[in-house]
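Asks: I'd like to ask some things about the structure below.
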Amino acid sequence: MIDLRFRVNGEWRSVRVPPLARLLDVLREHLALTGTKEGCGEGECGACTVLVDGAPVNSCLVPACQVADRDVVTIEGAGHESIQEAFADCGGVQCGICTPGMILATRACLAEWTARGEPCTEAGLRRALAGNLCRCTGYGGIIAAALRAHGGAT
Amino acid sequence: MAFVGAFTRRPDADAKVRGAARYVADLDVPDAWLGGTVRADVARGRLVRIDRDPGFDFTRVVVVTAADIPGRNVVALITDDQPLLAQDAIEHHGEPIALVAAPDRATLLAALAALRPVIAARTPCFDMEASAVVWKRIAIDRGDVDAVWAKAHRVVEGTFHTGSQEQMYIEPQGCVAWPPDRHGVVVVRGSLQCPYYVQKALMAALDLPAERARVVACTVGGGFGGKEDYPSVIACHAALLARAAGRPVKLLFDRHEDLAVTPKRHPCRVWHRTAVAADGTLLAMDIDVRMDGGAYTTLSPVVLSRGVLHATGPYRCANVRVRGAVVATNHVPYGAFRGFGAPQTCFAVERQMDRIATELGMHPVALRRHNALAPGDRTATGQLLDDSVAAHAVLDAVVAETGCARMPWRTQKRGRRRRGFGVSLFWHGAGFTGSGETKLKSRVAAAVLADGRVEVAAAATEIGQGTEAMLRAIAADSLGCGAADVALTEPDTGRAPDSGPTVASRTCMIVGGLVAQACRQLRDRVGGDEARPFRDRAAAFVRDGGDGRVEVEYHAPPGIVWDEANYRGDAYPVYGYGADVVEVEVDVATFAVKVLRFCTAIDVGRAIQPGLVRGQIEGGSLQALGFGHLEVVTTQAGRLRQDRMATCIIPTAVDAPPMRVLLVERPFQHGPFGAKGVGEMPADGGAPALAAAIEDAIGIAVDAVPATPERLLAAWLQTHPEEAL
Ligand code: FES
Ligand code: FES
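Quick mapping for you: the protein sequence lines, in order, are chains C and F. Each residue of the first sequence is one higher than the last, beginning at 17 in the working numbering. Each residue of the second sequence is one higher than the last, beginning at 1436 in the working numbering.
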């Protein structure tokens, strides 16, 4: 067991976890942050996406020890209401299992583009979200939501 | 009407975008143990015994085998041929043999490894054409096909194949079961589409009366048919373990296990022989359908039934012979996936229509227009169609949008990247096939609460499609109240009457219809001056002792008659119609196919929640396009080859084309506000239109899907032998 200290959704937390515990399990089982989902456990679906120091990662592939002293954001602390609202209004949500990961991935790419002053394009969004699978929507509602959120944010 | 037809935010969206929705894996169950399954590692054999590794301390876990089942060792569904746990015969790879529950994952894995089934292998059968065991045969006859061949201008033949397909809901399957409480009630919560199917299975396995088997559906992370029948297996397994362990047990599949053992779309072969007149009129259709059902009956008979009933496509033809069979093999049982047999037969008939068009030198749009069903026509089963038929309307809509009727089809193209387009026309029967709904007798209740709100109780599950928003809109407009004045019960067999399973595009038309009926009765009963808010009147009505509860039961609309023995009559209360146009670019160096544009027109009768209907159409259409060229599901020695998400691929946001969705509304007079169904129909048309587009682009016949680059290359080399290495 190791003692792990990291910031989750703005709060410093300490947990005792097995050394090779996955970040996904630490969030879900030790911190009861079940908004982060497991769809495959092998880095393919993106349902487990969280932000580590602002960058999206598949938490099923990240050993928790790697986030020591770092900043982790899960859907429960995602803030940034305009993206959530846009997903809810534009058909970006159906069964919802991909939604937390999709929202965090969207947030990360919109933030990056805004920081670089790059325009947000549909093709760019599709590429940025290609690591997050959604089986329900056909992606149209998700892309529409991201475009709306971006329009609203700038 | 304030809510029907309006864009409203779905009631479950807020919890979902905040990560607050609770799926089965998110349930906090104190003291729960984890369950796991020991499985067969051969496709066919005889279970001799189960050895236990003496090095493992089995007192730390509980083990359940077939001998520990208190009730019947069957997965009760249609035919009781599938055991919950193998006792003697092993019929497919991954068949469950024993169950284990343990306090933690490490102990569970150790225990699973310490149980070693000894199996004497037998020779399996994987070839559906060679299988002699038939789960179900169906024949449909109309007119006399054999009298036509000699007179026909042309007789066109074709054989078409469709592969299996994985539902790939992003949430793997799972259930949590609790041991009997002090009243003997067993509770199961899970990711499931049909609480009452699971209840029926639990009652048989645990020998329980209905009131002691309570099943609740959690928030479901996608189903698409994949969570129609299989959750019964997981629920029974979890309940057996919970009973043995005396504590709750979570039986949650990881992706690998889910892919390996849950049912997928039936592989299918369809043969067509069609007699046509010089003007393109279909004179006779002779069709033979064969599906691989896998190792047990499961839902195969009803999948075949829907398949053969859609086999002619939405076309008029006076002489039809359809023969269908679904056969046994030693594959993992195939099961329900959106479309339920229709995508397979729809692919075949649409490719056959294109083949006929090519033979006659007709444009594929013109051939379809010439033969499309219209009001007053009869189907192959003799069903007389009324003015709810929208075959021409949907075709006209996509033609107007894309201009495809003027695009030349199958002209020689040049260059490395070649473009083409394809069109499909399809239909989908709404609700259960034949007398299914009449037998099911679905029930729905609506009751006024003390504060004047109305609680609607139905067992329909929200699996992402938007059931809650749809039922709420129907209830609110039927009552004349606000959507917020309607509460929906959880899909819980302990609280909601049996409104039937969440399958077959039936939730809107059938369950929604019952909700409308119950709510209208309640509105009449409450009465009063409608200028006053319903809620005030309803609260006063129950305060004054009025009976504020209504329960209604399904009765087939007048005039709907089905003859199951002869496959004659009204196979479905009504059909929805759809047309797709796909434009592709094919790279003849790599045979990569890029879908450039997709346009679809879908007739849903009436779109109760247009935003959600569009979502269903877009999502279903992308699954259909995936079925057409990307999604490969194959087996080797009865074992799934694509056993991980990395290899069992589905379309990403980059693969998905921009979609143009056109809603067509040809109301069904007996549907709630005119609604038919929508869930499955978008799964039918994408693959054939995509195959046609590839054919147009590169000039090779695409008679099988998925049209992978490997397949296209092989077909290309047949027509371009000079390019073979
Ligand atoms: S669960 Fe991590 S990528 Fe699928
Ligand atoms: S909403 Fe169901 S997987 Fe995306």
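The beta carbon of each residue, even a glycine, is placed where N, CA and C say it ideally should be.
According to DSSP, simplified to helix, strand and coil, what is F:D1503?
Replies: As a working note, residue 1503 of chain F is residue 68 in the second sequence. Residue state, collapsed to three classes: helix.
Asks: Considering Cα atoms alone, identify which of F:H1528, F:R1487 and F:R1649 is closest to F:G1625.
Replies: The count along the second sequence starts at 1 and reaches residue 1625 of chain F at position 190. Ranking the options by Cα distance to F:G1625, first place goes to F:R1649.
Asks: Interface residues of chain F around C:D87 at Cβ under 7 Å?
Replies: The residue given as residue 87 of chain C occupies position 71 in the first sequence. By Cβ distance, chain F contributes nothing, its closest Cβ being about 18 Å from C:D87, past 7 Å.
Asks: Among F:D1503, F:R1678 and F:L1819, which residue has its Cα nearest to the Cα of F:G1994?
Replies: Here the question's residue 1994 of chain F lines up with position 559 in the second sequence. Taking only the C-alpha atoms, the option nearest F:G1994 is F:L1819.
Asks: Are the stretch 1977 to 1988 of chain F and the stretch 1716 to 1728 of chain F touching, with three or more C-beta to C-beta distances below 8 Å?
Replies: Result no; under three Cβ-Cβ pairs closer than 8 Å.
Asks: Just to check, is the beta-carbon of C:T153 closer than 7 Å to a non-hydrogen atom of ligand 2?
Replies: In the first sequence, counting from the first residue as 1, residue 153 of chain C sits at position 137. At least one heavy atom of ligand 2 is nearer than 7 Å to the Cβ of C:T153, so yes.
Asks: Taking Cβ positions only, does F:I1898 come closer than 8 Å to chain C?
Replies: Within the second sequence, residue 1898 of chain F is the residue found at index 463, counting from 1. Cβ-Cβ to chain C under 8 Å: yes for F:I1898.
Asks: Return the residue from the list F:V2023, F:A2091 and F:P1644 that minimises the CA-CA distance to F:R1849.
Replies: Stepping through the second sequence from its first residue, residue 1849 of chain F is reached at position 414. Closest option to F:R1849, Cα to Cα, is F:V2023.
Asks: Is there a Cβ from chain F that is less than 8 Å from the Cβ of C:D69?
Replies: As a working mapping, residue 69 of chain C is identified with position 53 in the first sequence. False, the Cβ-Cβ gap to chain F never drops below 8 Å.
Asks: Helix, strand or coil, according to DSSP, for F:E1890 in the structure here?
Replies: Indexing the second sequence from 1 puts residue 1890 of chain F at position 455. Strand at F:E1890.
Asks: Does C:A124 come within less than 8 Å of chain F when only Cβ atoms are used?
Replies: Translated into positions along the first sequence, residue 124 of chain C becomes position 108. No, C:A124 lies away from the interface with chain F (no Cβ there is under 8 Å from its Cβ).
Asks: For a test of the three-state rule: what should DSSP assign to C:A169, helix, strand or coil?
Replies: The residue given as residue 169 of chain C occupies position 153 in the first sequence. Low confidence applies here, because C:A169 scores a pLDDT of 49, under 50, leaving its location unreliable and the question unanswered by this model.
Asks: From F:P1810 to C:S75, what distance separates their C-alpha atoms?
Replies: For the purposes of this step, residue 1810 of chain F is taken as the residue at position 375 of the second sequence. For the purposes of this step, residue 75 of chain C is taken as the residue at position 59 of the first sequence. Cα-Cα distance, rounded: 56 Å.
Asks: Closer than 7 Å, Cβ to Cβ, to anything on chain C: give me those residues from the stretch 2075 to 2094 of chain F, in chain order.
Replies: Those would be R2079, M2080, A2081, I2085, T2087, A2088, V2089, A2091 and M2094, in chain order.
Asks: Kindly list the residues whose CB is nearer than 6 Å to the CB of F:F2108, restricted to its own chain and excluding five residues on each side of it in sequence; keep chain order.
Replies: Position 673 of the second sequence holds residue 2108 of chain F. Cβ neighbours of F:F2108 beyond the five flanking positions: V1439 and R2041.
Asks: Taking Cβ-Cβ distances shorter than 7 Å, what residues in chain C pair up with F:A1448?
Replies: For the purposes of this step, residue 1448 of chain F is identified with residue 13 of the second sequence, where counting begins at 1. Simply A104 and V109.
Asks: Give the interface partners of C:T115 over in chain F, defined as CB-CB distance under 7 Å, in chain order.
Replies: Walking along the first sequence from the start, residue 115 of chain C turns up at place 99. The contacting residues are K1451 and V1452.
Asks: How do the stretch 2008 to 2017 of chain F and the stretch 1823 to 1841 of chain F stand: do at least 3 beta-carbon pairs fall below 8 Å, yes or no?
Replies: Taking 8 Å as the limit for Cβ pairs, the verdict is that the stretch 1823 to 1841 of chain F does touch the stretch 2008 to 2017 of chain F.
Asks: Please say whether F:V1757 and F:I1722 have beta carbons closer to each other than 8 Å?
Replies: For the purposes of this step, residue 1722 of chain F is taken as the residue at position 287 of the second sequence. For the purposes of this step, residue 1757 of chain F is taken as the residue at position 322 of the second sequence. Cβ distance < 8 Å, so F:I1722 and F:V1757 count as in contact.
Asks: Should F:V2140 be labelled buried (16 or more other beta-carbon atoms within 10 Å of its own) or exposed?
Replies: Your numbering for residue 2140 of chain F matches position 705 in the second sequence. Buried, since its Cβ has 16 or more Cβ neighbours within 10 Å.
Asks: Hey, is C:V109 close to ligand 4, as in C-beta under 7 Å from one of its heavy atoms?
Replies: Inclusion of ligand 4 in the displayed structure is not the case, the ligand content consisting of ligand 1 and ligand 2 alone.
Asks: So, helix, strand or coil for C:H54, using DSSP?
Replies: The residue given as residue 54 of chain C occupies position 38 in the first sequence. One point to set straight first is that residue 54 of chain C is Glu, not His, in the sequence displayed. Residue state, collapsed to three classes: coil.
Asks: Please name the residue in C:M118, C:L49 and C:L43 whose C-alpha comes closest to that of C:F103.
Replies: Stepping through the first sequence from its first residue, residue 103 of chain C is reached at position 87. Looking at the Cα atoms, C:M118 is the closest of the given residues.
Asks: How would you call F:A1807, buried or exposed, if buried means at least 16 neighbouring beta carbons within 10 angstroms?
Replies: For this step, residue 1807 of chain F is matched to residue 372 along the second sequence. Buried: at least 16 other Cβ atoms inside 10 Å.
Asks: Measure the alpha-carbon distance for C:G62 versus C:N148 and round it to whole angstroms.
Replies: One-based indexing of the first sequence puts residue 62 of chain C at position 46. One-based indexing of the first sequence puts residue 148 of chain C at position 132. Distance between the alpha carbons of C:G62 and C:N148 is about 4 Å.
Asks: Please list, in chain order, the residues of the stretch 136 to 161 of chain C that have any C-beta partner in chain F closer than 9 Å.
Replies: So the close ones are E138, A139, L141, R142, R143, A144, L145, A146, G147, N148, L149, C150, R151, C152, T153, G154, Y155, G156, G157, I158 and I159.
Asks: State buried or exposed for F:Q2071, treating a residue as buried only when at least 16 other CB atoms are found within 10 Å of its CB.
Replies: Residue mapping note: residue 2071 of chain F aligns to position 636 of the second sequence, counting from 1. Exposed is the call here.
Asks: Would you tell me roughly how many angstroms separate the C-alpha atoms of F:S1740 and F:G1871, rounded to the nearest one?
Replies: On the second sequence, residue 1740 of chain F is found 305 positions in, with the first residue counted as 1. On the second sequence, residue 1871 of chain F is found 436 positions in, with the first residue counted as 1. Distance between the alpha carbons of F:S1740 and F:G1871 is about 11 Å.
Asks: Using 8 Å as the threshold, is the C-beta distance between F:V1620 and F:A1670 below it?
Replies: Reading the second sequence from its first residue, position 185 is the one you call residue 1620 of chain F. Reading the second sequence from its first residue, position 235 is the one you call residue 1670 of chain F. Going by C-beta atoms, F:V1620 is not nearer than 8 Å to F:A1670.
Asks: Closest Cβ-Cβ distance between C:I18 and chain F: below 8 Å?
Replies: Numbered from its first residue, the first sequence carries residue 18 of chain C at position 2. Answer no: the Cβ-Cβ gap between C:I18 and chain F never drops below 8 Å.
Asks: Using a C-beta to C-beta distance shorter than 8 Å, which residues of chain F count as neighbours of C:Q82?
Replies: Within the first sequence, the letter at position 66 stands for residue 82 of chain C. Result: empty, since nearest Cβ-Cβ is about 21 Å, beyond 8 Å.
Asks: Taking the C-alpha atoms as reference points, what is the distance between F:I2129 and F:V2021?
Replies: Position 694 of the second sequence, counted from the first residue, corresponds to residue 2129 of chain F. Position 586 of the second sequence, counted from the first residue, corresponds to residue 2021 of chain F. In a straight line, the C-alpha of F:I2129 is about 7 Å away from that of F:V2021.
Asks: So, F:V2113 versus F:S1823, is the Cβ gap smaller than 8 Å?
Replies: One-based indexing of the second sequence puts residue 2113 of chain F at position 678. One-based indexing of the second sequence puts residue 1823 of chain F at position 388. The answer is no: Cβ separation not under 8 Å.
Asks: How about F:G1609: is its Cβ closer than 7 Å to a heavy atom in ligand 2?
Replies: Against the second sequence, residue 1609 of chain F aligns to sequence position 174. F:G1609: no, Cβ never under 7 Å from ligand 2.
Asks: Determine whether the beta carbon atoms of F:D1447 and F:E1903 lie at a separation below 8 Å.
Replies: Within the second sequence, numbered from 1, the residue matching residue 1447 of chain F stands at position 12. Within the second sequence, numbered from 1, the residue matching residue 1903 of chain F stands at position 468. A contact, by the Cβ cut-off of 8 Å.
Asks: What is the DSSP secondary structure of F:Y1632, reduced to helix, strand or coil?
Replies: The residue you call residue 1632 of chain F lines up with position 197 of the second sequence. Of the three classes helix, strand and coil, the one that applies to F:Y1632 here is helix, per DSSP.
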